[in-house]
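>
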Amino acid sequence: MKLTLVSTLTIAALLAGCSVPTAPNAVSSLDTMFTAPVGRSSATSVANGGKVSLGIVYSPSTQANRDYLRHYQANAGTGFGQSLLMQPIHDAYVATSNPDFAVDGVKASLQRQFGSVTVYPDLQSLRAARPDVVAIVDTHSQLMTSRSSDIKADVSADFYDGKFNYIGTAQGHDAKSLSPVWADFKRSEEIVADINQQQDVQVRALQKFDQSLSNLLTRPTSSVSMIDSKTGQKLY
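Residues -22 to -1, 1 to 214 (mature numbering (1 follows the signal peptide of the UniProt record, and there is no 0)) make up the sequence shown, in order.
1. For Asp45 and Ala21, what's the separation of their Cα atoms in angstroms?
2. Can you tell me whether Thr147 is helix, strand or coil according to DSSP?
3. Is any heavy atom of the ligand COA found at a distance shorter than 6 angstroms from the C-beta of Gln149?
4. Taking the alpha carbon of Ser166 as the point to measure from, which residue in Ser37, Leu47, Met64 and Leu121 has its own alpha carbon closest?
5. My guess is that Gln176 and Ile129 are in contact by the Cβ rule of under 8 angstroms, so how many angstroms apart are they, rounded?
6. Taking the alpha-carbon of Ser155 as reference, which of Ala135, Thr123 and Gln185 has the nearest alpha-carbon?
7. Across the stretch 112 to 123 and the stretch 23 to 38, are there enough close Cβ pairs to call them in contact, namely three or more that are closer than 8 angstroms?
8. Excluding the 5 residues flanking Val81 on each side, which residues of the same chain have their C-beta closer than 8 angstroms to its C-beta?
9. Nearest-angstrom Cα distance between Pro158 and Ala106?
10. Quick one: complete alpha helix (DSSP H) runs, 4+ long, within the stretch 65 to 114?
11. According to DSSP, which residues form a beta bridge with Leu32?
12. Looking at the unbroken alpha helix (DSSP H) that takes in Phe187, where does it start and where does it end?
13. Alpha carbons only, please: which of Arg48, Asp188, Gly150 and Gly140 is nearest the one belonging to Leu88?
14. Just to confirm, is the Cβ distance from Val84 to Gln51 under 7 angstroms?
15. Less than 8 angstroms between C-beta atoms, sequence neighbours within five positions excluded: which residues of the same chain meet that for Gln185?
16. May I have the straight-line CA-CA distance separating Pro136 from Val95, to the nearest angstrom?
17. Going by Cα to Cα distance, which pick from Phe142, His68 and Asn76 is closest to residue 282?
18. In terms of residues, what are the limits of the beta strand (DSSP E) holding Lys130?
19. Can you tell me the Cα-Cα spacing of Asp69 and Thr147, whole angstroms?
20. Since I believe Val170 is in contact with Ile67 (beta carbons under 8 angstroms), could you give me their beta-carbon distance rounded to a whole number of angstroms?
21. Measure the beta-carbon distance from Arg18 to Tyr138 and round it to whole angstroms, keeping in mind my assumption that it falls under 8 angstroms.
22. I'd like to know whether the C-beta atoms of Gly93 and Gly28 end up nearer to each other than 7 angstroms.
23. Using a Cβ-Cβ cutoff of less than 6 angstroms, which residues in the same chain neighbour Ala(-10) once the five nearest sequence positions on both sides are dropped?
24. Do you know how far the Cα of Ser190 is from the Cα of Val133?
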């Protein structure tokens, strides 16, 4: 028992001294993708179905968050004190920080609703392709560190018509606050279970996104308003 306690405290001390990546701040796609105000589409719903093409662009915030997850995953093998971590704990960190998990989940939801879904590297390429509907996909994850066991996941897709006028948004969010992962009374099995909840939070956020998407595609969007996150003013 004493040996287990000492090992856990030693690992915790190492974790506290590691350069564990911090999740970047979530930024609205409106703040980063468009240089001019976006108008409201005259469409009362998002066109969908087997004959509708959807073009996707990942927001800069999504790209920054994927970089954060890559860094987090890399640190799970080095910066978290790999030589002292039990293999199941190391594997749990790696498995729950997949940088593509959220974007792949969003894309899978969209592929069930549209005839074709294509990801473009930037808005210029997307404009040139002229899909029927446009979506700006935004994902954001916050994973646990040695200083915080608060975890959360946000996913959203802002939809625009072929002229880049806003139609509506589908979104999903989930979060959980855990007791400190490296508390000295926790067994390795409990630590692994806590780390695995990072994946559970991401899954629930994607499930909520999928339901939000279904609601958006089956209901009129006339009641949806779009607010500039900086000024609080309507953009249409």
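Every residue, glycine too, gets a C-beta built ideally from N, C-alpha and C.
On a predicted model such as this, the values are computed, not experimentally measured, just so you know.
The relevant details are as follows:
1. 35 angstroms
2. strand
3. By its list of ligands, the structure shown contains no ligand whatsoever, and the ligand COA lies outside what it can speak to.
4. Met64
5. 5 angstroms
6. Thr123
7. yes
8. Tyr36, Thr40, Arg44, Val115 and Thr117
9. 49 angstroms
10. 65 to 73, 79 to 89 and 101 to 107
11. Val95 and Val111
12. Ser166 to Thr196
13. Asp188
14. no
15. Gly150
16. In the sequence on display, residue 136 carries Asp and not Pro. Distance between the alpha carbons of Asp136 and Val95 is about 15 angstroms.
17. Not covered by the structure: residue 282. The range shown for the chain is -22 to 214.
18. Asp128 to Tyr138
19. 35 angstroms
20. 6 angstroms
21. Wrong, their Cβ atoms sit about 10 angstroms apart, outside the cutoff.
22. yes
23. With a pLDDT of 41 at Ala(-10), under the threshold of 50, the modelled position of that residue is not reliable, and the figure given next carries that caveat. None.
24. 11 angstroms
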